[in-house]
DNA sequence: TTGAAAGCGCTAACAG
DNA sequence: CTGTTAGCGCTTTCAA
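If you want it as structure tokens, here you go:
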């Protein structure tokens with residue numbers, strides 16, 4: 001049997017209440033008593049039982065993070081930021097990998113409702129906003145990364161997709177391109193939608209008439225990007241640059257170009273999004289948009305903890321962090 | 001206030017014990033009563049409180065995983081394997097990122113001793129075996145990935161470093177190399193040690209006299225690999241191949257060779273370990289040893305759960321999984 | 001400044 | 001097959 005608070009109390013000649021006070025830094029304890037208790041705690045190697053503490057205090061000091069795929073470097077970086085900030089504030093992190101399944105995502109929400117965790121972070125959730133709002137209405141603490149949810153109690157952290165997409169187009173135009181294709185991710189992902197919007201606005205700003213044939217869906221995957229380029233190449237449409245809504249698809253573009261004998265950036269400029277580590281190692285080095293993934297994770301955690309501890313949502317509730325366009329070889333016009 | 005078991009019981013006209021039995025699939029409940037209770041549970045949207053359940057049942061259905069760096073693809077893949085298997089068996093996963101700090105690692109062990117989790121998995125731990133054995137002696141459930149710990153209650157899953165390192169040397173010899181340098185990781189990492197051992201044995205098998213100048217430490221990092229090559233190049237020693245104890249260091253080798261004007265594999269063959277995703281995208285494609293990371297994660301979880309639920313360590317206690325040498329461009333002799 | 005005592009919400013004997 | 005009851009180990013009033 002493990003040693004418990006009452007054992008410590010007995011040995012130190014005090015009541016359990018006093019031991020509890022010592023453990024929780026309650027100041028109303030004579031420093032003499034405190035020392036005595038601490039000494040016994042160390043002698044006995046006493047560890048407060050977490051379950052009992054959780055039950056009694058109605059807190060678990062734990063946050064859950066739900067991601068579509070832990071092994072994807074984007075999510076791994078966000079998780080890292082979350083774990084580090086949580087650790088710094090004495091919180092634990094439970095992770096859930098949904099494998100892109102909304103059902104699994106829904107199931108992980110139980111961690112909140114059955115009080116396994118005090119708060120929950122969804123990274124680019126698949127579930128409809130209503131589901132999240134319903135929980136937030138019931139006062140569960142929720143944060144979302146990479147998406148905006150319109151609810152006064154839901155914390156959101158993301159980068160401005162529209163803005164950086166316009167920057168990408170701007171950059172491409174500066175490099176002399178006017179025929180720019182766009183590879184979108186799955187249609188229902190907010191990122192897809194917003195990056196497309198930014199692309200369109202970018203074209204408009206430069207008075208480039210938009211052509212629907214320039215757009216193909218690559219599902220955010222390498223294979224999808226590859227196939228999208230193949231479809232693009234089969235069409236009677238000309239283009240000298242491709243803006244892929246993420247790096248994975250850009251990787252597929254490289255693959256397709258290799259097979260098609262198209263040189264990058266000579267015959268085709270390519271820009272991606274995510275600053276996946278691979279983008280820096282592939283030849284030619286891929287131009288991409290870098291988002292502050294660690295920082296995004298750390299930011300939601302801070303907001304969540306504020307909310308959990310003060311009872312009020314953090315202010316501001318929404319944080320839009322800056323991204324950065326990294327111009328590398330794949331989009332630089334060769335002299 | 002949340003709705004609790006007693007509310008369900010009252011509304012269904014039964015006792016809390018019966019509700020509990022229904023929830024835990026205890027067969028001794030009339031199916032009629034069961035239906036009635038289930039109906040009320042749904043009507044009320046009742047969710048059993050996890051903290052109370054944990055306290056009473058002395059189980060948390062949670063496992064902790066401690067890794068040196070969540071964002072490193074090797075660890076991310078192992079975690080994925082762990083989370084997936086755990087989810088399949090209804091367990092939750094808490095992650096801890098030690099950032100290579102033994103102090104932090106030690107601190108995470110409290111998750112076990114304070115009963116936050118039922119079992120703990122350490123991926124390539126930094127702590128000395130004694131520390132782990134001490135916990136195992138106290139009947140805490142522990143698993144280790146990527147290292148062997150000699151204790152009858154500690155579960156271990158890893159690949160045979162010596163064996164695959166010998167295979168790497170064998171492959172290099174077959175490609176015509178007899179002067180093979182070795183880049184080790186930090187000296188105290190078991191992987192470093194064993195890969196070095198395999199390298200030496202491989203040389204011996206091929207009657208290649210070993211030369212200490214061929215060995216340099218690259219600390220498992222890209223930068224370390226780069227610097228190691230620079231030191232190697234400054235020495236009056238000749239070599240036509242490098243076996244880097246991981247892919248990160250191999251990346252550093254590429255960098256150094258680029259600066260030194262050494263062509264791969266023409267003038268220098270390179271082989272790494274880990275099958276980091278980048279290895280397939282870099283030019284020339286890096287030959288590397290692939291370990292079944294997901295499977296390794298899944299395997300420990302199964303062993304741990306067996307131990308937790310039966311009270312006996314899984315049999316066998318140690319699982320050595322097969323790795324595979326992937327021969328790609330960086331080590332293939334050009335005709 | 002400290003102690004006594006009442007639960008937090010659930011499970012599992014033990015009865016019936 | 002179902003109900004009664006006694007805690008799991010801790011925190012927190014309330015009283016002293």
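Protein chains in written order, with full-length UniProt numbering: chain A, 1 to 335; chain B, 1 to 335.
From the three backbone atoms N, C-alpha and C, an ideal C-beta is built for every residue, glycine too.
Only a predicted model underlies this, so the values are computations on that prediction, with no experimental measurement involved.
Reduced DSSP category for residue i - H, G, I as helix; E, B as strand; rest coil
{"i": "residue 186 of chain B", "result": "coil"}
{"i": "residue 273 of chain B", "result": "strand"}
{"i": "residue 129 of chain A", "result": "helix"}
{"i": "residue 79 of chain A", "result": "helix"}
{"i": "residue 66 of chain A", "result": "strand"}
{"i": "residue 41 of chain B", "result": "helix"}
{"i": "residue 251 of chain A", "result": "helix"}
{"i": "residue 84 of chain A", "result": "helix"}
{"i": "residue 155 of chain B", "result": "strand"}
{"i": "residue 50 of chain B", "result": "helix"}
{"i": "residue 97 of chain B", "result": "strand"}
{"i": "residue 166 of chain A", "result": "helix"}
{"i": "residue 211 of chain A", "result": "coil"}
{"i": "residue 202 of chain B", "result": "helix"}
{"i": "residue 242 of chain A", "result": "strand"}
CB contact below 7 Å: residue i versus chain B
{"i": "residue 338 of chain A", "result": "Residue 338 of chain A falls outside the range modelled here, since chain A spans only 1 to 335, and no answer is possible."}
{"i": "residue 115 of chain A", "result": "yes"}
{"i": "residue 92 of chain A", "result": "yes"}
{"i": "residue 140 of chain A", "result": "no"}
{"i": "residue 337 of chain A", "result": "No information on residue 337 of chain A is available, as it lies outside the stretch 1 to 335 that chain A covers here."}
Per-residue contacts from residue i into chain A (C-beta, under 8 Å)
{"i": "residue 250 of chain B", "result": "Per Cβ cutoff of 8 Å: no residues; residue 250 of chain B is ~11 Å from chain A at best."}
{"i": "residue 285 of chain B", "result": "Within 8 Å Cβ-Cβ: nothing; residue 285 of chain B doesn't reach chain A, min ~11 Å."}
{"i": "residue 260 of chain B", "result": "The contacting residues do not exist; residue 260 of chain B stays about 18 Å from chain A at best."}
Amino acids of chain A, ordered along the chain, whose beta-carbon sits closer than 9 Å to that of residue i
{"i": "residue 76 of chain B", "result": "70, 71, 72, 73, 75, 76 and 79"}
Residue i: contacting residues in chain B (beta-carbon distance under 9 Å)
{"i": "residue 47 of chain A", "result": "110, 113, 114 and 115"}
{"i": "residue 282 of chain A", "result": "278, 281, 282 and 283"}
Neighbouring residues, chain A, relative to residue i (Cβ below 7 Å)
{"i": "residue 277 of chain B", "result": "278"}
{"i": "residue 60 of chain B", "result": "51"}
Chain A within 7 Å of residue i, Cβ atoms only
{"i": "residue 232 of chain B", "result": "no"}
{"i": "residue 274 of chain B", "result": "no"}
{"i": "residue 196 of chain B", "result": "no"}
{"i": "residue 54 of chain B", "result": "yes"}
{"i": "residue 264 of chain B", "result": "no"}
Which listed residue (the options) has its alpha carbon closest to that of residue i
{"i": "residue 306 of chain A", "options": "A/94, A/12 and A/154", "result": "A/154"}
{"i": "residue 310 of chain B", "options": "B/141, B/136 and B/94", "result": "B/141"}
{"i": "residue 248 of chain A", "options": "A/231, A/261 and A/273", "result": "A/273"}
{"i": "residue 171 of chain B", "options": "B/192, B/234 and B/333", "result": "B/333"}
{"i": "residue 288 of chain B", "options": "B/267, B/136, B/214 and B/168", "result": "B/168"}
{"i": "residue 67 of chain A", "options": "A/214, A/51 and A/127", "result": "A/127"}
{"i": "residue 280 of chain B", "options": "B/261, B/98 and B/328", "result": "B/328"}
{"i": "residue 228 of chain B", "options": "B/240, B/250, B/13 and B/79", "result": "B/250"}
{"i": "residue 10 of chain B", "options": "B/24, B/29 and B/36", "result": "B/36"}
{"i": "residue 205 of chain A", "options": "A/214, A/162 and A/71", "result": "A/162"}
{"i": "residue 181 of chain B", "options": "B/241, B/174 and B/156", "result": "B/241"}
{"i": "residue 119 of chain A", "options": "A/263, A/302 and A/225", "result": "A/302"}
{"i": "residue 61 of chain A", "options": "A/32, A/93 and A/130", "result": "A/93"}
{"i": "residue 166 of chain A", "options": "A/199, A/208 and A/74", "result": "A/199"}
{"i": "residue 89 of chain A", "options": "A/320, A/324 and A/308", "result": "A/308"}
{"i": "residue 59 of chain A", "options": "A/41, A/74 and A/91", "result": "A/91"}
{"i": "residue 32 of chain B", "options": "B/195, B/44, B/121 and B/12", "result": "B/12"}
Distance cut-off 6 Å: residue i Cβ against heavy atoms of the ligand MG
{"i": "residue 290 of chain B", "result": "The ligand MG is absent from the structure shown, which contains no ligand whatsoever."}
Contact set between residue i and chain B, taken where Cβ atoms lie within less than 7 Å
{"i": "residue 95 of chain A", "result": "83, 93 and 95"}
Decide if the region 292-299 of chain B is in contact with the region 80-93 of chain B; the criterion is three or more beta carbon pairs, one per stretch, under 8 Å apart. Yes, they touch.
Count the CB pairs spanning the region 108-122 of chain B and the region 108-120 of chain A that are closer than 8 Å, and state whether there are at least three. No: the two stretches stay apart, fewer than three of their Cβ pairs being nearer than 8 Å.
Any contact of the region 313-324 of chain B with the region 95-105 of chain B, i.e. 3+ C-beta pairs under 8 Å? Taking 8 Å as the limit for Cβ pairs, the verdict is that the region 95-105 of chain B does not touch the region 313-324 of chain B.
The region 43-58 of chain A touching the region 52-64 of chain B, judged by at least three CB pairs closer than 8 Å: Short answer: they touch.
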